[in-house]
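Input: a single structure, listed below in structure tokens.
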Ligand SMILES: [Zn+2]
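Numbering (the numbering used here), first residue to last: 61 to 507.
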């Protein structure tokens, strides 16, 4: 190998002072049916060549040759697709039912233990990219950067750092920043943008002045950061739309049967403007749809997949908090919300928003190892979304929304090799995604 490198350097005439490039290894995923993330039909008998961290070519058996010496990974019998995105996760929480206790007991371990464990669980579930919406600033950036540098395994994270809101809730100042006036709003957004966040998360904007909301959105856009906004209450949505928020989160409005007409009219007005690009909406819906099911059929809560990376004592504490899932305050209204979800999801869809897969992963009972496939399953099997649309809401569209579609989101030449493969036909049986056979991120195989 060394002789080959020296020979190559001699041939290319590269001087000895040039830094040597990292040696590239070629991998080939061969044989499976590829859903590439674009809207065309699946590619049978696919061949995907990976050089280093990047996809170099995509074709079919018989027309795209596998180079001699490549590491061949057979995907025969499998569906091959872009690594999934989850557009709404919380890596600082991992399923514990009591947030107050969680922060007090574990905040000192967020950066060193909890967030890395969450990111690893996501990756092992086939989620190669995740948008982390709300966390302490330095910890969020540090964990993201350690993953990007290859120091720890995990999903590629797109982090917001702290929630920007009217006032933090008691004892949450580490990850919720209140703003007092438009100048303060701009200063806080500048601070997190300078620190390197990927996105700005707005919450409780119905408690802010309209000038403050506009200041947050305008300042974020000045730095090229998309703004995502909580949308549980009608006035949060109205203000977000007026200020130019890029993506709304949640299928909210509590137990109300649907979105009011004036809001739907505002959304339609916004989605009619092609020049503004799509209006995105992440509905995190599976946690609400599945609460009663998991409460009554709790075997999934015993799956050790969610213990990955967590110390035994932390696992024991989480399990204890979930002893009486029927009594969790967080979910007491969920049974009454559940019947309203399908209508709200459909209303948004028909108003022209581009819905994205996101889960609120990390909330009570919602482990990072299981949330994302359940959201896809809910969309397809409960909400009637066709599988390709659901998969593109977890691959192609998130990469566009985060402005990284030049490198992520599809299986095509020139993109990072973020690829998963699953035995069986995912287009017919979407829940196969609960057990991913192959996970490759940036060319490195993790599963
Ligand atoms: Zn959330």
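Backbone N, C-alpha and C define an ideal beta-carbon position, used for all residues, glycine too.
Within the continuous alpha helix (DSSP H) that includes residue 281, where are the two ends? 270 to 282
Per DSSP, residue 52 forms a beta bridge with which residues? Given that the chain is displayed from residue 61 to residue 507, the structure contains no residue 52 and the question cannot be resolved.
Buried/exposed call for residue 350, threshold 16 Cβ in 10 Å: buried
Indicate the three-state DSSP secondary structure (helix, strand or coil) for residue 182 in the structure shown. Helix, per DSSP.
Which residues share a DSSP beta bridge with residue 145? 189
Name the one or two DSSP bridge partners that residue 138 has. 483
Give the single residue among 189, 438, 268, 278 whose Cα lies nearest to the Cα of residue 461. 189
Please list, in chain order, all residues of the same chain as residue 453 whose beta carbon is under 7 Å from its beta carbon, the five residues on each side excluded. Leaving aside the five residues that flank residue 453 on each side, the residues in its chain whose CB is nearer than 7 Å to its CB run, in chain order, 415, 416, 417.
Note down, in chain order, each residue of its chain lying with its Cβ closer than 7 Å to the Cβ of residue 81, except the 5 sequence neighbours on either side. Legend: pLDDT at residue 81 = 42, less than 50; position of this residue unreliable, no value from coordinates given.
What does a CB cutoff of less than 6 Å around residue 396 pick up in its chain, not counting 5 residues either side in sequence? If we look at residue 396 and ignore the five residues flanking it on each side, its Cβ neighbours are 315.
For a test of your reading of the model: does the CB of residue 193 fall under 7 Å from any non-hydrogen atom of ligand 1? Yes or no. Under cutoff, so the answer is yes.
Rounded distance between the beta-carbons of residue 373 and residue 429, thought under 8 Å: Actually they do not touch by this definition, with Cβ atoms about 19 Å apart.
What are the residues that DSSP puts in a beta bridge with residue 505? 500
What are the boundary residues of the alpha helix (DSSP H) that residue 160 is part of? 159 to 166
Residue nearest to residue 277 in terms of C-alpha spacing, selected from 303, 91, 172: 303
Determine the extent of the beta strand (DSSP E) in which residue 341 is found, giving its start and end residues. 340 to 342
What residues are listed by DSSP as bridge partners for residue 368? Paired residue(s): none; residue 368 is not in a bridge.
Can you tell me which of the three DSSP states residue 353 falls into? helix
Which residue marks the beginning of the alpha helix (DSSP H) containing residue 410, and which one marks its end? 394 to 410 is the span of the alpha helix (DSSP H), which, as asked, contains residue 410.
Which of the three DSSP states, helix, strand or coil, is assigned to residue 254? helix
Quick check on DSSP: helix, strand or coil for residue 477? coil
What do you reckon, are the CB atoms on residue 140 and residue 108 nearer than 8 Å? yes
Give me whichever residues DSSP pairs with residue 218 in a beta bridge. 191
Buried or exposed: residue 437, going by 16 or more other Cβ atoms within 10 Å of its Cβ? Its Cβ being crowded by 16 or more others within 10 Å, residue 437 is buried.
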